[in-house]
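Worksheet: one structure, shown below.
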Amino acid sequence: MLVGSLAALSAGLLLLTGCDSSGTRIAKVGSSAGSAPSGPVVVATSSWEAALAKAAGARNVRSIVPPSIRHAPDYDLKPSDLTAVAGADDVLYASFEPFAGRIKSAAGSKAKMVELDLDDDPETTRANVTRLGKLFGTERAAAKWNSAFTAEWNSLSQQLKAARTGGKAPVVVAQAFTTWAAKLAGVQVAGTYGPDAVTPAQLSALSAKKPAFVLDNENMSTGTVLPGSEARQLEIVNYPGADLDLLPVYRKAADQMRKAFAGS
979 MLVGSLAALS AGLLLLTGCD SSGTRIAKVG SSAGSAPSGP VVVATSSWEA ALAKAAGARN
1039 VRSIVPPSIR HAPDYDLKPS DLTAVAGADD VLYASFEPFA GRIKSAAGSK AKMVELDLDD
1099 DPETTRANVT RLGKLFGTER AAAKWNSAFT AEWNSLSQQL KAARTGGKAP VVVAQAFTTW
1159 AAKLAGVQVA GTYGPDAVTP AQLSALSAKK PAFVLDNENM STGTVLPGSE ARQLEIVNYP
1219 GADLDLLPVY RKAADQMRKA FAGS
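Using our numbering, you'd call the opening residue of the sequence shown number 979 and step up by one each time.
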């Protein structure tokens, strides 16, 4: 009787924490206590791939790398992570993740390996959601999300244009994976850098552009990009948080740029 009570208590705690016994993050969309979400079991290497799956309509999604890890490729896989992969129907990963090979090896024979091109550019995001919707058989949910995303993008873009001082677009330089933020703001990128370290020649060339803002990649930041420059550096986040929701990524970037542009 005591064993049964302890088992029930453990199960209840797992439901409350949203994690399995290994600590792997689980996002169960639309499920109620005592019922497993329908659809394929999707295991994603990071919150980015997991958020794309959720946007596409997947209801049983696991993210291996905790959202608290700033640079997901630096994460060290645990045996429990590989166990989770072995039980998946679909495994989502990106080629730049150094543990992709181990993920492939751990996947069960029934698992479909899905390599995603991770970029918060709107065209790439919509294409990924559409692709995953077809894979999961959730095309309608994916199309609905894409429609809401497009409306959100357009709204944020208009707000950013209205926030420009004197209506003039500021000069910006951006890290290779944050050019989407410049597109959201409707400004031209005068120069890019990364993902490798900025060389002295690049530093000189970028500084010569006299940018008002540097759109740095917080997930890969190494500090001040243009030391000695008057450019204001904004740290743009690419990865979604624990809620596995992509929209706050765009809203946060827009809020950062809107405040910066208004004060320039």
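Each residue gets a CB set at the ideal place from its N, CA and C atoms; glycine is no exception.
>> Once DSSP output is grouped into helix, strand and coil, what is the label at V1007?
In response: Unreliable placement is indicated for V1007, whose pLDDT of 49 sits below 50; the coordinate value is still reported in the next sentence. Note: V1007 maps to coil in three-state DSSP.
>> Rounding to the nearest angstrom, what Cα-Cα distance links T1002 and A1140 in this structure?
In response: Residue confidence is low: T1002 scores 44 on pLDDT, short of 50, so the model does not pin down where it sits. Its coordinate-derived value is still stated next. Rounded to the nearest angstrom, the two C-alpha atoms are 42 Å apart.
>> Only counting the same chain, and skipping five residues up and downstream in sequence, which positions put a Cβ closer than 6 Å to that of S1000?
In response: Only weak support exists for where S1000 lies, its pLDDT of 39 falling under 50; the value from the coordinates is given anyway. Only S1058 meet the Cβ criterion.
>> So A1029 and L1204 are supposed to be a Cβ contact under 8 Å. How far apart are they, rounded?
In response: About 31 Å; that fails the 8 Å criterion.
> Is it right to say E1027 is buried, meaning 16 or more other beta carbons lie within 10 angstroms of its own, or is it exposed?
Replying inline: In this structure E1027 is buried. Its beta-carbon is surrounded by 16 or more other beta-carbon atoms within 10 angstroms.
> Is the region 1039-1050 in contact with the region 1125-1136, if contact means three or more CB pairs nearer than 8 Å?
Replying inline: Cβ pair count under 8 Å is below three, so no.
> For F1077, is the classification buried or exposed, using 16 other Cβ atoms within 10 angstroms of its Cβ as the cut-off for buried?
Replying inline: Answer is buried; the Cβ neighbour count reaches 16.
> Is it true that the region 1211-1218 meets the region 1167-1175, where meeting means three or more beta-carbon pairs spaced less than 8 Å apart?
Replying inline: Short answer: they don't touch.
>> What does the alpha-carbon distance come out to for the pair A1190 and M1091?
In response: Between A1190 and M1091, the alpha-carbon positions lie close to 43 Å from each other.
>> Taking the alpha carbon of L1162 as the reference point, which residue from Q1180, A1186, L1193, T1177 has its own alpha carbon closest?
In response: For L1162, the closest C-alpha among the options Q1180, A1186, L1193, T1177 is that of L1193.
>> Quick check on the burial criterion: 16 or more other C-beta atoms within 10 angstroms. Buried or exposed for D1100?
In response: Asp is not the amino acid found at residue 1100; the sequence shown has Pro there. So P1100 counts as buried.
>> Can you tell me which residues form a DSSP beta bridge with Q1136?
In response: Paired residues: none, contrary to the question.
> Which residues mark the beginning and the end of the alpha helix (DSSP H) in which L1096 is found?
Replying inline: For L1096, there is no enclosing alpha helix (DSSP H), as DSSP marks it with neither H nor E.
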